[in-house]
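UniProt numbering applies: residue 1 is where the sequence shown begins, and numbers increase by one.
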Amino acid sequence: MYTNNCVINTVCRNILFRSSIYMQRRWKSKKVHWSVLAKKKYPVDKALEHFDDFYKTVFGRKWPSIRLALLSPHKYCAVINNFGDSDTVVSDLQNIGAMNIRTLFELEKENIKTKKNEERRRRDLEKIFKLDRKLEQMAITKQQEEFESLYPHRESSEGTSVSADILNRSSSDTSHGISDNINREDDAESNRDGMSQKSLQSSLREAEFDSHRLIDPASGLSAGALYEYVPATRLKGMEDWIVESQHYGYYRKDTDFPVCVESDNDFIFPVHLQVNFN
Numbered sequence: 001m002y003t004n005n006c007v008i009n010t011v012c013r014n015i016l017f018r019s020s021i022y023m024q025r026r027w028k029s030k031k032v033h034w035s036v037l038a039k040k041k042y043p044v045d046k047a048l049e050h051f052d053d054f055y056k057t058v059f060g061r062k063w064p065s066i067r068l069a070l071l072s073p074h075k076y077c078a079v080i081n082n083f084g085d086s087d088t089v090v091s092d093l094q095n096i097g098a099m100n101i102r103t104l105f106e107l108e109k110e111n112i113k114t115k116k117n118e119e120r121r122r123r124d125l126e127k128i129f130k131l132d133r134k135l136e137q138m139a140i141t142k143q144q145e146e147f148e149s150l151y152p153h154r155e156s157s158e159g160t161s162v163s164a165d166i167l168n169r170s171s172s173d174t175s176h177g178i179s180d181n182i183n184r185e186d187d188a189e190s191n192r193d194g195m196s197q198k199s200l201q202s203s204l205r206e207a208e209f210d211s212h213r214l215i216d217p218a219s220g221l222s223a224g225a226l227y228e229y230v231p232a233t234r235l236k237g238m239e240d241w242i243v244e245s246q247h248y249g250y251y252r253k254d255t256d257f258p259v260c261v262e263s264d265n266d267f268i269f270p271v272h273l274q275v276n277f278n
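The structure is reproduced here in structure tokens:
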């Protein structure tokens, strides 16, 4: 009897499975597709483009940091009541991950002081180095002039440091009284050597540099003058052309309201103020 019931149940299930109909449901999209919404520019995007276009030329390299600070979410802080158990509250806040602004301020102040000392030391060393080079150049120039006055037939560039063998030779010549014929032969030979082989310093001193390719910033030329000649790969009508310098021409550095960024190095943090933030 039990076997007959199992067979009947199986047959009924097969009949129901074969008679069932499956229909695929189609999910319709909204009136505005998500891709259209993703490409749409909202007023916030237009404002950011305007800020990037204008304030980047004003603040320069500092604008990315300013932009990030403006777009960052607000951080909340806790001001400690000094009339209560402030030490316990500060330790509890630090245990849960809060940071004390006073500690960060003191560390940053110490870093600024260290950087200032290093910068001052570097400037002093540069001054000393420039002074040493100047004195060395003066000594070389004076030594060169003395050498040229003693040996006018020699190249002045060869006398950057008077060689000891030339001085010894001259002293031996004067002491032993070498004849005038030998001196004339030495003069002719040295002249031929000087004409055939010129040193690098003398050739640089006599060289003529092409100064027409150099653009002096103090001449009053704008940056657009550097891009006046560009090999064209495609021609475009002048009525459809907008010069980039005209687009940024509304910003001028000589206006009545220049942006002056001054760093305050004497900022004093209040002694009894204890602020913690997470």
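For every residue, glycine included, the Cβ atom is placed at its ideal position computed from N, Cα and C.
Buried or exposed: where does F147 fall if 16 or more other Cβ atoms within 10 Å of its Cβ makes it buried?
buried
Helix, strand or coil at S163 [DSSP, three-state]
Per-residue confidence for S163 stands at a pLDDT of 49, beneath the threshold of 50, marking its modelled position as unreliable; no derived number is given.
Name the two residues that bound the continuous beta strand (DSSP E) containing V275.
275-277
Backbone CA spacing between A47 and D53 [nearest angstrom]:
10 Å
Is the distance from the Cβ of N278 to the Cβ of A98 below 7 Å?
yes
Does DSSP classify N100 as helix, strand or coil?
strand
Which of the three DSSP states, helix, strand or coil, is assigned to V271?
coil
Indicate the three-state DSSP secondary structure (helix, strand or coil) for V261 in the structure shown.
coil
From K40 to H33, what does the alpha carbon distance come to, in whole angstroms?
11 Å
Is D85 near the ligand GDP, judged by its Cβ being under 6 Å from some heavy atom?
As presented, the structure is devoid of all ligands, the ligand GDP included, so that no description of it is given.
Do V275 and V36 come within 7 Å of each other at the CB atom, strictly closer than that value?
no
Integer-rounded CB distance, given that F269 should sit under 8 Å from F83:
No, F83 and F269 are not in contact; Cβ-Cβ is about 20 Å, not under 8 Å.
Can you tell me where the beta strand (DSSP E) with V58 in it begins and where it stops?
Per DSSP, V58 belongs to no beta strand (DSSP E); it is in the alpha helix (DSSP H), 43-59.
Residues sharing a beta bridge with A78, DSSP:
N276
Within its chain, find whatever has a CB closer than 6 Å to the CB of N100; leave out the 5 residues flanking it on each side and keep chain order.
N276
Once the 5 residues before and after H272 are set aside, which same chain residues still bring their CB inside 7 Å of it?
N82
Where K30 sits in the DSSP three-state scheme:
coil
Looking only at C-alpha atoms, which of Q143, R133, T141, K116 sits nearest to S263?
K116
Would DSSP call K142 helix, strand or coil?
helix
Contact defined as beta carbons within less than 8 Å: I believe Y55 pairs with W63. What is the distance between those atoms, to the nearest angstrom?
6 Å
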